[in-house]
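So the protein sequences, as listed, match chains V, W, D and G.
The working numbering numbers the first residue of the first sequence as 1 and each following residue consecutively.
The working numbering numbers the first residue of the second sequence as 1 and each following residue consecutively.
The working numbering numbers the first residue of the third sequence as 1 and each following residue consecutively.
The working numbering numbers the first residue of the fourth sequence as 1 and each following residue consecutively.
A virtual CB, placed ideally from N, CA and C, is assigned to each residue, including glycine.
4 protein chains.
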Amino acid sequence: MSNAINYPLDRKLRMALVGGAGAAFIGRVHATAAQLDGRAELVAGVLSSNPEKARLAAPSFGIADARAYGSVGEMIESELALPEDQRIDFVSIATPNFTHYEIARASLEAGFDVFCDKPMTTTVQDADELVSVVEKTGAVFVLTHNYTGYPMIRQAREMVANGDIGEIQAVRSNYIQGWMCGLKPDPNPPRGGWKTDPAKAGSGSLGDVGTHAYNLICYVTGLTATEVSASLRTYQPGGQLDDYGQATIAFGDSQLGTITFSQISHGRLNDLSLEVDGTKGALLWRQEQPNELTVRRTGQATQIYERHPPAAYMNGSGRNACRIAGGHPEGFFEAFANIYNAGFDDIIRRASGGVCDKKTCYPNVYDGAAGVRFVQACQTSSNERGCWKSLLQLM
Amino acid sequence: MSNAINYPLDRKLRMALVGGAGAAFIGRVHATAAQLDGRAELVAGVLSSNPEKARLAAPSFGIADARAYGSVGEMIESELALPEDQRIDFVSIATPNFTHYEIARASLEAGFDVFCDKPMTTTVQDADELVSVVEKTGAVFVLTHNYTGYPMIRQAREMVANGDIGEIQAVRSNYIQGWMCGLKPDPNPPRGGWKTDPAKAGSGSLGDVGTHAYNLICYVTGLTATEVSASLRTYQPGGQLDDYGQATIAFGDSQLGTITFSQISHGRLNDLSLEVDGTKGALLWRQEQPNELTVRRTGQATQIYERHPPAAYMNGSGRNACRIAGGHPEGFFEAFANIYNAGFDDIIRRASGGVCDKKTCYPNVYDGAAGVRFVQACQTSSNERGCWKSLLQLM
Amino acid sequence: MSNAINYPLDRKLRMALVGGAGAAFIGRVHATAAQLDGRAELVAGVLSSNPEKARLAAPSFGIADARAYGSVGEMIESELALPEDQRIDFVSIATPNFTHYEIARASLEAGFDVFCDKPMTTTVQDADELVSVVEKTGAVFVLTHNYTGYPMIRQAREMVANGDIGEIQAVRSNYIQGWMCGLKPDPNPPRGGWKTDPAKAGSGSLGDVGTHAYNLICYVTGLTATEVSASLRTYQPGGQLDDYGQATIAFGDSQLGTITFSQISHGRLNDLSLEVDGTKGALLWRQEQPNELTVRRTGQATQIYERHPPAAYMNGSGRNACRIAGGHPEGFFEAFANIYNAGFDDIIRRASGGVCDKKTCYPNVYDGAAGVRFVQACQTSSNERGCWKSLLQLM
Amino acid sequence: MSNAINYPLDRKLRMALVGGAGAAFIGRVHATAAQLDGRAELVAGVLSSNPEKARLAAPSFGIADARAYGSVGEMIESELALPEDQRIDFVSIATPNFTHYEIARASLEAGFDVFCDKPMTTTVQDADELVSVVEKTGAVFVLTHNYTGYPMIRQAREMVANGDIGEIQAVRSNYIQGWMCGLKPDPNPPRGGWKTDPAKAGSGSLGDVGTHAYNLICYVTGLTATEVSASLRTYQPGGQLDDYGQATIAFGDSQLGTITFSQISHGRLNDLSLEVDGTKGALLWRQEQPNELTVRRTGQATQIYERHPPAAYMNGSGRNACRIAGGHPEGFFEAFANIYNAGFDDIIRRASGGVCDKKTCYPNVYDGAAGVRFVQACQTSSNERGCWKSLLQLM
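This is the structure in structure tokens:
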């Protein structure tokens, strides 16, 4: 029950956080998750785009005044000026979508590894550019599609890869929320103020939650999506971005994927689900009950796999993502921390002279680019009444 | 707690059943449901298209030898020859899809009311023809989309009609089964032998279960579907009909509906679900737990409405569809019987000189025609890579 | 999928119902359940202790005026005067507890088989007397502990008997209702008016629901309870009978059973549950989701057995109690009808010269006596601060 | 959404951990939970009773070699020798039951605050002694009955205190595990090796899980238990301690509590549940789905309160125990960390000259003593065939 690897690095990694002040909750999540297992320490940050707010927030994150920076530029310059044994190792980006690209690029080019929130960028061009920068720098780049960090999702992925459910036929993922109906978690300033601004968000529910569903499908099935047909809707009065939509995804000629995403469904909090139909069995997982994976095989009883490391049905991927005995619920923070841990493993691997795979157990820059391409293809498809659009990268 | 009306008819209605012998389970369901509340009596039938089998099966249905007919023609002729006070009142059709039209037409034209299984016909032309016959004869025609008989579905429909959840925005219905994966309920002869024969079924999962989902959406929301875009798949080796598919439905310019149907999902028995998003609230219902309706309103606790007649949250439609106190599960037969009861009410209303509404609380011939049109539109759309097809009747 | 046996009886059995008029819902349940499968016909009744009400209610049960009797004595006399081929075969007793004994005794002694509601009598003396009458007459006597009719309970019983879960260690059953908190299903006259009258009910929640839990434990495990320690409470202001309580049951020196029963738990409708711990596995069943049985074995996934006749995990008892394919919920009426069917099988067996076992797949007169003894022992134990009382019949 | 208070303490508290090396998982939980919110730092420890193991384990806990002690005595002496601004503030005790008393006493008397695992001691005498020491030293003493840290349990407690569900009538709590059936989480050395040794554990399932259930009942209801009647069983072959049992609890003359605890129920992981019946409503909570609290009121829909801070139904206690938005599951670590945070608040309060209440929002030394008394009373009662034993402290 450990998710550490044995590469030598007898110190905590040093983390910088961009974003996190004010009402935004995701910055706090990054800080907590990265430090959960004692493998990293938050030492620096640009906690707000407003320099004063950034400095005021620093103590509550345990960041010393001296390293509470007012801008990313200042942070990079100052950190590079520090001795190597004090300098940050990686930058975590928890800012509005439209700022990811510049911050990530600058951080990577300064030699830092990056953990970036999703969607990775707001344009395909920026995404492809970031792929180039990552390839050029050889840096570790982790996109925090955090739902891939849940033990039972890792379990599901290995089951599919092992052929436990046969050939995949169909896959469904819905991501249903309701927060746009009126109850914002924190009214002042409103959560997600920028999330409803087209210039800053790039898309609405599609990018905010639809990309998670798309990523989860690709992560678990390992299939390559080829085309998408989508229908987006804006139901909220005065809304400028989609707040509801569906996407039908073709994986070549056969497999069919369907995704529905919503931010207007009354009373639904964060209901992400995944169903995979294979020729030998089927899987069902729900994010709000993440410690269970339902496995069905025709003629057999429905099986509930619980997150329970010693059980014979658990595979290595599932087992290694657990911290504690079954029946003791693990949740969102632990899953998020699993993403960080996987990134840390690659950072240490690289620091030890090892080579990192292009296919990783965390969502990486290629997955990020695929997500941005998915957003663009869905938007174009919806504008053209559901015409199929390619999801493949044109080279 | 009664679903009878007060029209006078101091006798049981006399029923004839077409189909029901052999492995087919739906004929037995019709017989049990129609007689559940003591309002009808099964007295005649053509229990199989094979005259010998038809006669052999009669005793197990309580049908006397004299009225166990070998063909529908024989039944109609013989029944018409009986005195009016012995003659059947209605014909229940529980036969393969491709035979519905002829049997229904003949029965209606002979002056009998009809309860017909779904899909109503295998072609739009036959469906429209049947609409004409019903309009001409003035007969009662009930299509047994039985899921509309569940108390909590009736409750949901009245809630929507009353504006309890505001204006409808989006609606989702999935109907997921897995019986094609290998475990047939009765191997000899296989259940649904004709169900996989294109000539006899007309469609596969689309007509068999997709139409239920479509009907349920229309029944509960009262919306008029205008267009559909669909993608069908045939995953079973050697399959000639769709066994999986999705349909995106437009209701005019705004509301979006999504349906997924499957008969290849391992271990799923009969998982029909419905979710309705309105501006004031949202509903969720699952057929396999039919005694519950989940109602959500932003900022309020998730509410589980149980089928519990005296509860203040129950409306007349929900309450009247109950037979027994809450907590005592009612299931499939009771829902099916509610469809019959609603038809009986109209039969009695007509017999008493009353006029029946075109919009009924049971699925009628117009709903049947809409279902057949939906099948055809989905097939055409799928053949044309998801092009939108009209669902409206051309006049 | 049939629960009929092959003994010859080429006619429907003729049923008389005692009770059923007015607010009482259980009489209607008896009528519906007995006739569900077309094996019996309700032809006579004493629907109320008030002769006028009894006659007024007859048409709604399909009973002809001539056989709508004003008293049990009148019914017995009149029926015995009828030719044997018209005379009733059995009497169903759906009246307040305190009247069961006299009606059952009179019916049995007149030569009729009996289906009686529970608890069987209000005193142990009456119960033992009834055992003698049944043994003397050789009649079929069925006590409608209806929950034993659910397919997944029959499945569980056979699993235990087969050793599928090893030796039984512990068993728990709770039966939690809340109707005494204020919401009576039908206020005028209040449901269960007699249920709160000590002279008529004999006990409160203990006899009304606690006996069901006790019976279910004994039915599924086949264990012989030896002693009980109980604590009863009366929480409702002005209440004269227990409305809450617990019982700890010893089965010899080892196995322990625990039962909690309540009629004062807000919002709980009819939540009867059963958990059985064995050395090789454990079972869990809940009446409000009766189509599922949860089976657990250490180290294996939790298994949900669905009521699904062709599945390999189903045994004969479970399979034979099903009417319809899995995923199509069966409920309270179907379970109740399974009790009737099992009784009918014995009636036919006897009529055919066969001998009926003392141990039956329906609750019989011995189970009824055990239930009455349980009530008395719990009451005595509770009065003596939980002292252990014997549950064994003294001979 | 913060569970910090505003007392000044501009540094992290310094923590020492006793226990944690080897297979024991609870030490790691203490370390993670205490540091989760950045309010404490683990700086010292006696990670094993074996000095060599203790030192070897230190790096994996981030403890410097110099402060990885070989015994509690050595730790206390060394820490007291350090300057006050480096010295530990508190000691966390995660060792076998029989060692708690000595470690806690020594730590308290050395002037450290204490967080101690449960049960607090193995004898009532030790427990009472510890109460005296805490009262004498005025130290903060937190017993980690961690389930009281779940947000929805805090919510439930405030609801009861506010009268939201009226006067309490009955309460039920079951704690069902199955790990003794064979599947130990870590076979070498077996988890809980000492847990089955009477001398080291003091009791079996009763102390290990039964005390949690008892504590949870007292914590949520605020009732004072007066007497208990218990039946313990040892089902595992060769077992020397109880592995199953039930306890009936009287709270004065009226309220009744029932507890069942098991470690022999196949396939059950950590199924702790709580049900509270009040005159105005009822509550239900399950540890394995901790983000939900079910609230029922007769005649109203069943309400699912989700852990969702901005919802109007949330009270201050529930809201303050949340870290993240609803729908993002919080689990075991977060609940455990809430216990630590509440203790930290009192440590800071005292450091700031404030006075701590005898009744705290964390389980304290009085709760610990009540738990030990409960264990003793249940054991005595069970040995005397369920005789009622007092739970009140004799003064």
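For the stretch 286-312 of chain W, the set of positions with a beta-carbon nearer than 8 Å to some beta-carbon of chain D reads Gln287, Glu288, Gln289, Pro290, Asn291, Glu306, His308, Pro309, Pro310 and Ala311 in chain order.
Taking 9 Å as the Cβ-Cβ cut-off, the stretch 247-258 of chain G approaches chain D at Thr248, Ala250, Ser254, Gln255, Leu256 and Thr258, given in chain order. In this structure, aspartate 113 (chain W) places its C-beta atom within 7 Å of the C-beta atom of alanine 139 (chain W). Note on valine 355 (chain W): under 16 other CB atoms within 10 angstroms of its CB, so exposed under the neighbour-count rule. By the Cβ neighbour-count rule, glutamate 74 (chain D) is exposed, with fewer than 16 other Cβ atoms within 10 Å of its own.
Secondary structure in the stretch 267-337 of chain G: the beta strand (DSSP E) runs of 3 residues or longer, each lying completely within the stretch, are 271-278, 282-286, 292-296 and 302-306 in chain order. Membership of isoleucine 259 (chain V) in the beta strand (DSSP E) is indicated by the continuous run 255-262.
Chain-order list of chain W residues neighbouring proline 329 (chain D): Glu288, Pro290, Pro329, Gly331 and Phe332, by C-beta distance under 7 Å. Against chain W, a Cβ distance below 7 Å from threonine 260 (chain V) picks out Arg172 and Thr258.
In this structure, the alpha-carbon of glutamate 77 (chain G) lies about 13 Å from that of alanine 44 (chain G).
Assignment of glycine 245 (chain V) by DSSP, reduced to helix, strand and coil, places it in the strand class. Among the residues of the stretch 123-151 of chain D, none has a Cβ less than 8 Å away from any Cβ of chain G. Residue pairing by DSSP places aspartate 10 (chain V) in no beta bridge whatsoever.
Chain-ordered, the chain G residues with CB closer than 7 Å to the CB of valine 29 (chain V) read Ile324.
Interface criterion not met: the Cβ of tyrosine 101 (chain G) is under 7 Å from no Cβ in chain D. For alanine 94 (chain G), there is no enclosing alpha helix (DSSP H), as DSSP gives it neither H nor E. Proximity of leucine 47 (chain G) to chain V, defined by a Cβ-Cβ separation below 7 Å, is not satisfied.
Using a Cβ-Cβ cut-off of 9 Å, serine 231 (chain G) is close to Ser229, Thr248, Ala250, Leu256 and Thr258 of chain D, given in chain order. Identification of chain G residues near leucine 13 (chain V) by a Cβ-Cβ cut-off of 7 Å yields none; the smallest Cβ-Cβ distance measures about 13 Å. Alanine 66 (chain W) counts as exposed, since fewer than 16 other C-beta atoms from the protein chains shown sit within 10 angstroms of its C-beta. Not flagged as an interface residue toward chain G: cysteine 116 (chain D), since no C-beta distance is shorter than 7 Å. In the three-state reduction of the DSSP assignment, isoleucine 347 (chain G) falls in the helix class. The straight-line gap separating the alpha-carbon atoms of valine 171 (chain V) and arginine 286 (chain V) is approximately 14 Å. Looking at the backbone, the Cα of leucine 293 (chain D) and that of glycine 326 (chain V) are separated by about 22 Å.
When DSSP reads this structure, valine 114 (chain V) sits in a beta bridge with V:Val91 and V:Phe141. Under a 10 Å Cβ-count criterion, lysine 359 (chain V) is classified as exposed, with fewer than 16 other Cβ atoms of the shown protein chains found around its own Cβ. Contact between histidine 145 (chain W) and aspartate 367 (chain W) holds: their C-beta atoms lie close to 7 Å from each other, under 8 Å. Contact annotation: glycine 371 (chain V) and threonine 211 (chain V) have beta-carbon atoms nearer than 7 Å. In terms of beta-carbon proximity, leucine 269 (chain D) lines the interface with chain W, with at least one pair separated by less than 7 Å. Only those residues of the stretch 38-70 of chain V whose C-beta falls short of 9 Å from the nearest C-beta of chain G are listed: Gly38, Leu42, Pro59, Ser60, Phe61 and Gly62. With a threshold of 16 other beta carbon atoms within 10 Å, leucine 283 (chain V) meets it and is buried.
Histidine 266 (chain G) has a beta carbon lying within less than 7 Å of a beta carbon in chain D. Against chain D, the CB of tyrosine 214 (chain G) has no partner CB under 7 Å away; the residue lies outside that interface. Under the 7 Å criterion on CB atoms, glutamine 169 (chain W) is classed as interfacial with respect to chain V. Beta-bridge analysis with DSSP links leucine 17 (chain D) to D:Gly45 and D:Ser92.
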